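full-length UniProt numbering puts the last residue of the sequence shown at 430; the count rises by one with no breaks. For each residue, glycine too, the CB sits at the ideal point set by N, CA and C. None of these values were measured; they are calculated from a predicted model. Report on the following structure.
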Amino acid sequence: AAAPTPTRLGARLQRAHAIADLRRQAARRLPKAVFDFIDGGAEDERTLRDNVEAFDDWMLMPRVGIDVATRDLSRSILGYRASLPIMMAPTGLAGFFWPDGEVAGAQAAARAGIPYCLSTNSVGSIEHVAEGAPEGERWFQLYFLRDREWMQALLRRAAAARYRVLCLTVDLAVQGRRERDLRNAFTMPLKPRLSTALDLARRPGWLAGAARSRLGFGNFQAGGFQAGGAAAGHGFTSVAQHVASLFDPSASWDDIARIRDAWRGPMALKGLLHPADAARAVALGIEAVIVSNHGGRQLDDVPAAIHALPGVAEAVAGRAEVILDGGVRRGTDVIKALALGATACSLGRPLLWGLSAGGTAGVSRAIEIVRGELDNAMTLLGTPTLEAITPDHLRPRRGGW
Ligand code: FNR
Numbered sequence: 030a031a032a033p034t035p036t037r038l039g040a041r042l043q044r045a046h047a048i049a050d051l052r053r054q055a056a057r058r059l060p061k062a063v064f065d066f067i068d069g070g071a072e073d074e075r076t077l078r079d080n081v082e083a084f085d086d087w088m089l090m091p092r093v094g095i096d097v098a099t100r101d102l103s104r105s106i107l108g109y110r111a112s113l114p115i116m117m118a119p120t121g122l123a124g125f126f127w128p129d130g131e132v133a134g135a136q137a138a139a140r141a142g143i144p145y146c147l148s149t150n151s152v153g154s155i156e157h158v159a160e161g162a163p164e165g166e167r168w169f170q171l172y173f174l175r176d177r178e179w180m181q182a183l184l185r186r187a188a189a190a191r192y193r194v195l196c197l198t199v200d201l202a203v204q205g206r207r208e209r210d211l212r213n214a215f216t217m218p219l220k221p222r223l224s225t226a227l228d229l230a231r232r233p234g235w236l237a238g239a240a241r242s243r244l245g246f247g248n249f250q251a252g253g254f255q256a257g258g259a260a261a262g263h264g265f266t267s268v269a270q271h272v273a274s275l276f277d278p279s280a281s282w283d284d285i286a287r288i289r290d291a292w293r294g295p296m297a298l299k300g301l302l303h304p305a306d307a308a309r310a311v312a313l314g315i316e317a318v319i320v321s322n323h324g325g326r327q328l329d330d331v332p333a334a335i336h337a338l339p340g341v342a343e344a345v346a347g348r349a350e351v352i353l354d355g356g357v358r359r360g361t362d363v364i365k366a367l368a369l370g371a372t373a374c375s376l377g378r379p380l381l382w383g384l385s386a387g388g389t390a391g392v393s394r395a396i397e398i399v400r401g402e403l404d405n406a407m408t409l410l411g412t413p414t415l416e417a418i419t420p421d422h423l424r425p426r427r428g429g430w
């Protein structure tokens, strides 16, 4: 099959009615190794599965006799009035999934009126993405780097390019053991192996895009960075190598406090599950905690994000915003997260499947699907506003009611 024309692509995206449909379309377009990098998690992928399945532990309890003729799905997220209580999670390598994928994602988020968070490990640089999607609400996600000067430079660059919120991710001291990536020998760019060549022959659309793209870790490519081949973008780099050579596993709460002091705008801390860690973040003056296990990609066998949420929300007690990250696949999942104390949800793979299936239009389609599901569920639940959603709208699936 040749690369689809825009109209054929649009028609295909219109045939996706659930996030699972976009996942199937992404699986058809992407090389297996690339699809697995997005789709997979650490070791036995128990947390990855649990993130999604744990939403089943709650059922929705609708109320009747409520005027639901008009609904308001908007929500303030760290002072930005988002059209929906969702944001685009930071994800590395988006430009490897679709040409200029970071800009494509940021444009779709801007059009939909939801925050876009750019990863440290993006293909397009901080400045490139800001130029490509100047309108939207932009966050920048930072990792602790061994080279603290480079890290400070990233902060300065993000502020200069008018990223409003800093999202510091703290659950990646080293990379989790992602066995799909090890078995596929996943690198950027892909290593020329026979199995890859056979696979690529069936993915002309992806191949044409990748051939046009300037691949590498865009935020590490400006002059002066002395961290070896991975950073310079030469050769075949696995993400695990990139992380091992550049990221700093020694970072402590003192370092987090220093970043807090160095960043003038609002700040979110991403990747915590324990209520005491959330309380500590609040004590540092961090405005949002993102309850997350990195989409099941780091330590396996940790709690599902939705299971960790109530404890964190209780510890934070309204002193910061709480964002639920991981496993959201439906509008009803968003409702459950809000009922359990989340301000908003952050979506990773659902939007990446949309991106991989159709670039900006694919991300827009994914957001549209979630919007449609959320609106429908709010109507039927008897909650015309997000503020109307309460814990009383949930019941445990098994027992207790
Ligand atoms: C991620 N995630 C991530 N997080 C982060 O802080 N910085 C990053 O660079 C990345 N990169 C990344 C790449 C890919 C391909 C995925 C799937 C995820 C984690 C991401 O922000 C988020 O926590 C999870 O994706 C949430 O889980 P769901 O929504 O994918 O189930």
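beta-carbon residue i near the ligand FNR non-hydrogen atom, thresh 7 Å
| i | result |
| --- | --- |
| V357 | yes |
| L415 | no |
| F64 | no |
| I398 | no |
| I67 | yes |
| K299 | yes |
| H271 | no |
| P332 | no |
| N80 | yes |
| L195 | no |
| G124 | no |
| P60 | no |
| H336 | no |
| A307 | no |
| S148 | yes |
| G324 | yes |
| L174 | no |
| A118 | yes |
| P114 | no |
| S154 | no |
| Q54 | no |
| R378 | yes |
| L381 | yes |
Residue i and residue j closer than 8 Å at C-beta
| i | j | result |
| --- | --- | --- |
| L236 | K299 | no |
| E74 | D354 | no |
| A344 | P304 | yes |
| L201 | V272 | yes |
| W179 | C146 | no |
| Y192 | P144 | no |
| A32 | P233 | yes |
| G134 | M117 | yes |
| R360 | L338 | Residue 360 is actually Gly in this sequence, not Arg. No, Cβ-Cβ distance for G360 and L338 is not below 8 Å. |
| R41 | W382 | no |
| I418 | A368 | yes |
| V341 | T372 | no |
| residue 14 | D79 | Outside the shown range of the chain (30 to 430) lies residue 14, about which nothing can therefore be said. |
| D86 | R424 | no |
| H336 | A83 | yes |
| residue 435 | A395 | With the chain covering only 30 through 430, there is no way to say anything about residue 435. |
| R206 | G69 | no |
| S242 | G388 | no |
| L89 | I398 | no |
| R104 | L415 | yes |
| L410 | P91 | yes |
| V97 | P420 | no |
| A45 | V392 | no |
| A280 | G39 | no |
Anticipated Cβ contact below 8 Å, residue i with residue j, distance rounded
| i | j | result |
| --- | --- | --- |
| R348 | V320 | Actually they do not touch by this definition, with Cβ atoms about 15 Å apart. |
| R358 | P379 | 6 Å |
| T99 | N322 | That belief does not hold up - the Cβ atoms of T99 and N322 are roughly 37 Å apart, past 8 Å. |
| residue 461 | T266 | This structure cannot settle anything about residue 461, because the visible part of the chain is limited to 30 through 430. |
| V318 | L302 | V318 to L302, Cβ: 10 Å. No contact. |
| A139 | G121 | Not a contact, Cβ separation roughly 20 Å. |
| F215 | F66 | 5 Å |
| L171 | L403 | Actually they are not in contact, since the Cβ atoms of L171 and L403 sit about 30 Å apart, beyond 8 Å. |
| I315 | A297 | 7 Å |
| V81 | G356 | 4 Å |
Residue i, buried or exposed, once every other Cβ within 10 Å from all chains shown has been counted against 16
| i | result |
| --- | --- |
| V203 | exposed |
| E160 | exposed |
| Q43 | exposed |
| R326 | buried |
| I95 | exposed |
| D210 | buried |
| T34 | exposed |
Cβ-heavy atom distance, residue i to the ligand COA, below 7 Å
| i | result |
| --- | --- |
| T198 | Of the ligands this structure carries, namely the ligand FNR, none is the ligand COA. |
Are the segment 52–63 and the segment 222–231 touching, with three or more C-beta to C-beta distances below 8 Å?
Taking a cut-off of 8 Å for Cβ pairs, the segment 52–63 and the segment 222–231 touch, as three or more such pairs fall below it.
Pair every Cβ in the segment 146–164 with every Cβ in the segment 239–248, then say whether three or more of these pairs are closer than 8 Å.
Taking 8 Å as the limit for Cβ pairs, the verdict is that the segment 239–248 does touch the segment 146–164.
Determine, using beta-carbon pairs with one atom in the segment 123–133 and one in the segment 368–377, whether at least three such pairs fall under 8 Å.
These segments do not touch.
Inter-stretch contact at 8 Å, needing at least 3 Cβ pairs: the segment 279–295 / the segment 180–194:
Touching, yes, given that three or more Cβ pairs across the two stretches are closer than 8 Å.
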